[in-house]
Amino acid sequence: MKTPSGHYEGYQEPVALEIHYLRDIKGSALVTQTVKEWDSLGLSPETYEPYLKPLESLLPDVKKGDSLTFIVLPGGSNTFYYNGQTLGGLDDPTFGQHFLNIWLSPNTSRPELRAQLLGSDACETLAC
Numbered sequence: 001m002k003t004p005s006g007h008y009e010g011y012q013e014p015v016a017l018e019i020h021y022l023r024d025i026k027g028s029a030l031v032t033q034t035v036k037e038w039d040s041l042g043l044s045p046e047t048y049e050p051y052l053k054p055l056e057s058l059l060p061d062v063k064k065g066d067s068l069t070f071i072v073l074p075g076g077s078n079t080f081y082y083n084g085q086t087l088g089g090l091d092d093p094t095f096g097q098h099f100l101n102i103w104l105s106p107n108t109s110r111p112e113l114r115a116q117l118l119g120s121d122a123c124e125t126l127a128c
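Position one of the sequence shown corresponds to residue 1 (the numbering used here), numbered consecutively onward.
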């Protein structure tokens, strides 16, 4: 997680999230898991359904050692990068926050990962 200040203080733009994959995952499985996470966070299907086709087109099959980077600029424009190569983004200024909430929301399904992304050594300090 990268922010201009170096600290995450709630959703802010610009922001970048880089994920390094430890195993092979199909792009379709990334989209399926994204939907599960949004459902878990209580995001309505009416909100995320317009994102699904573009995500299916953007997200590649990843291999162990690959990276996906997601950058959101001021105003909500966003771009995905796969191993440094531009994939594109979604033309919706609210998508970035919805996507980043999967990892950064206090209600994430992976509080330990959230704590790591936010630079906390102790999960308890972030109410994990």
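All C-beta atoms, glycine included, are put in the ideal place defined by N, C-alpha and C.
Minimum Cβ-Cβ distance from residue i to chain C less than 7 Å
i: T86; result: In the displayed structure, chain C is absent; only one protein chain is listed.
Cβ separation of residue i and residue j, assumed to be a contact under 8 Å, to the nearest whole Å
i: Y51; j: L90; result: 6 Å
i: L58; j: G88; result: 6 Å
i: V62; j: D24; result: 7 Å
i: T34; j: I102; result: 7 Å
i: G96; j: N78; result: 5 Å
Own chain, CB closer than 8 Å to residue i, minus 5 neighbours either side, in chain order
i: G75; result: E13 and P93
i: K64; result: Y21, L22, R23 and D24
i: L100; result: Y11, V15, L17, F70 and V72
i: R110; result: W103
Counterpart residues of residue i in DSSP-defined beta bridges
i: V72; result: V15 and N78
i: H7; result: DSSP output for H7 lists no bridge partner at all.
i: Q85; result: Y82
Sequence-distant residues of its chain with Cβ nearer than 6 Å to residue i (five each side left out)
i: G27; result: L59, P60 and D61
Residues near residue i in its chain [Cβ-Cβ closer than 7 Å; skip 5 each side]
i: S105; result: L41
Spatially closest choice to residue i from the options, by CA coordinates
i: T47; options: G84, H98, S77 and L118; result: H98
Check: residue i C-beta below 6 Å from any heavy atom of the ligand NAD
i: G10; result: Within the structure as shown, the ligand NAD is missing, as the structure has no ligands at all.
Do three or more CB pairs link the segment 32-39 to the segment 5-19 at distances below 8 Å? no
Determine contact between the segment 41-55 and the segment 63-71, defined as no fewer than three beta-carbon pairs at a distance below 8 Å. no
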